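Participant: First the structure, which I've put down as C-alpha cells, then a few questions once you've had a look.
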Amino acid sequence: MSSRRETLKILGAIGTTCIFPFPAEELYGQHASHTETPLSAPRFFRPGEMEQLATLADLFIPPTDTPGGAAAGVPLYVDLVVSRDAGYRKLFRAGLKDLNKLARRQHGTAFHTLGEARQVALLEPLVAEADQLRTPDFDRASRAVRFARVLKNLIADGYYTSRAGLVEELGYSGNSAHAEFPGAVHEH
Numbered sequence: 010m011s012s013r014r015e016t017l018k019i020l021g022a023i024g025t026t027c028i029f030p031f032p033a034e035e036l037y038g039q040h041a042s043h044t045e046t047p048l049s050a051p052r053f054f055r056p057g058e059m060e061q062l063a064t065l066a067d068l069f070i071p072p073t074d075t076p077g078g079a080a081a082g083v084p085l086y087v088d089l090v091v092s093r094d095a096g097y098r099k100l101f102r103a104g105l106k107d108l109n110k111l112a113r114r115q116h117g118t119a120f121h122t123l124g125e126a127r128q129v130a131l132l133e134p135l136v137a138e139a140d141q142l143r144t145p146d147f148d149r150a151s152r153a154v155r156f157a158r159v160l161k162n163l164i165a166d167g168y169y170t171s172r173a174g175l176v177e178e179l180g181y182s183g184n185s186a187h188a189e190f191p192g193a194v195h196e197h
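First residue of the sequence shown? That's 10 in the working numbering, and the numbers climb one at a time after it.
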C-alpha cells in the first residue's frame, strides 16, 4: 500500500461492496471490453433456441407502444450473458429443452408454436415459484424454477438496458446537470 489514504479507500470499497452487493449477480465480472463488436449474431444458442428466447422475451415484455423484448434485442443479450458462463450455458440448454418437453407432453407441440395463452399457462407456475425463491435457497430449487428465475432476470436486465427499455419506456435522457436542485414534485 502506498499510503494510509490508499489503504482507507480500498477498505472502504470492500466494506461498501459487502453492504451493497452487486444487484445483477448474473453479470458480476462480465464487463464488456471496448473492442467488442455490437451484438448481431448468436454466440451460444442455436437458431431454434433463439426463436424460443424471442418468444419468451415477448411473453415477459410484450410489445405495446414501445418495442417488446424480442424487438429490443433481448434474445441476443441473453445469448451474450449465457455464452460467458458455463453454469448458465448448462442451465439454459436444459431449461429450454425442458420447456419444450413440457409443451409436447401437455399439448403435443413445441413451446414456441403454442398459442400465447398456453405458453403463459405453462410459464406461470414456474415463474410464481421462482418469484418466491429466496437467494439462499436457489441451489436447492428445481432446475425449471432456477431457469425461470434467471431467465426472467436476464430478460428484464436486457430490456431495461436497451434503448427501447431505458429511453423509450423509462424516458431516461442521460445524465444531466442542474444549475440548482429542482426539489420533489408533489402530486397531491
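Each residue gets a CB set at the ideal place from its N, CA and C atoms; glycine is no exception. Note that the structure is a prediction, hence the values are computed from the model and not measured.
1. For aspartate 146, which residues from the same chain have a beta carbon less than 7 Å from its beta carbon, with the 5 sequence-adjacent residues on both sides left out?
2. Could you please give the first and the last residue of the uninterrupted alpha helix (DSSP H) stretch that includes asparagine 109?
3. With a cut-off of 8 Å on the beta carbons, I'd call leucine 85 and proline 51 a contact; round off their distance for me.
4. When you compare the stretch 179 to 195 with the stretch 85 to 96, are there three or more beta-carbon pairs, one atom per stretch, that lie closer than 8 Å?
5. Sort Ala153, Thr64, Ala81, Tyr169 by Cα distance to lysine 99 and report the nearest one.
6. Name the residue from Leu131, Asp88, Leu89 whose alpha carbon lies nearest to the alpha carbon of asparagine 109.
7. Please check the pair valine 90 and isoleucine 164, which I expect to be a contact at CB under 8 Å, by giving their CB distance rounded to whole angstroms.
8. What is the C-beta distance between alanine 173 and alanine 81, in whole angstroms, given that I count them as a contact (C-beta under 8 Å)?
9. Mind checking which residues open and close the alpha helix (DSSP H) that includes aspartate 140?
10. Could you check what DSSP says for isoleucine 70 in three-state terms: helix, strand or coil?
11. Let me confirm a value: proline 134 is counted as buried when at least 16 other C-beta atoms fall within 10 Å, else exposed. Which label applies?
12. Exposed or buried, which one is valine 176 when buried takes at least 16 other CB atoms within 10 Å?
13. Given arginine 127, which residues of its chain have a CB within under 7 Å of its CB, disregarding the five upstream and five downstream residues?
14. Since I believe alanine 139 is in contact with lysine 161 (beta carbons under 8 Å), could you give me their beta-carbon distance rounded to a whole number of angstroms?
15. If contacts are defined as beta-carbon pairs under 8 Å, then valine 83 and tyrosine 168 qualify, I think. What distance do you get, rounded to the angstrom?
Facilitator: This is what the structure gives:
1. What you label residue 146 is simply residue 137 of the sequence shown in a count that begins at 1. For aspartate 146, where only same-chain residues beyond five positions count, there are no Cβ hits under 7 Å.
2. Reading the sequence shown from its first residue, position 100 is the one you call residue 109. Unbroken alpha helix (DSSP H) run through asparagine 109: 95 to 116.
3. The residue given as residue 85 occupies position 76 in the sequence shown. The residue given as residue 51 occupies position 42 in the sequence shown. With 8 Å as the limit, leucine 85 and proline 51 qualify as a contact, their Cβ atoms being about 7 Å apart.
4. no
5. Taking the sequence shown and counting its residues from 1, the one referred to as residue 99 is at position 90. Nearest of Ala153, Thr64, Ala81, Tyr169 to lysine 99, Cα basis: Ala153.
6. Residue mapping note: residue 109 aligns to position 100 of the sequence shown, counting from 1. Minimum Cα distance to asparagine 109 is reached at Leu131.
7. Taking the first residue of the sequence shown as position 1, residue 90 is located at position 81. Taking the first residue of the sequence shown as position 1, residue 164 is located at position 155. Not confirmed; about 11 Å, so no contact.
8. Your numbering for residue 173 matches position 164 in the sequence shown. Your numbering for residue 81 matches position 72 in the sequence shown. Confirmed, Cβ separation roughly 4 Å.
9. Taking the first residue of the sequence shown as position 1, residue 140 is located at position 131. Aspartate 140 -> alpha helix (DSSP H) spans 125 to 141.
10. What you label residue 70 is simply residue 61 of the sequence shown in a count that begins at 1. Residue state, collapsed to three classes: coil.
11. Counting from one through the sequence shown, the residue named residue 134 turns up at place 125. Result: exposed.
12. Residue mapping note: residue 176 aligns to position 167 of the sequence shown, counting from 1. Exposed, since its Cβ has fewer than 16 Cβ neighbours within 10 Å.
13. Against the sequence shown, residue 127 aligns to sequence position 118. For arginine 127, where only same-chain residues beyond five positions count, the Cβ hits under 7 Å are His116.
14. Residue mapping note: residue 161 aligns to position 152 of the sequence shown, counting from 1. Residue mapping note: residue 139 aligns to position 130 of the sequence shown, counting from 1. Rounded, the Cβ-Cβ distance is 7 Å, consistent with contact.
15. By 1-based counting over the sequence shown, the position of residue 83 is 74. By 1-based counting over the sequence shown, the position of residue 168 is 159. Right, the Cβ-Cβ distance comes to about 5 Å (below 8 Å), so this counts as a contact.
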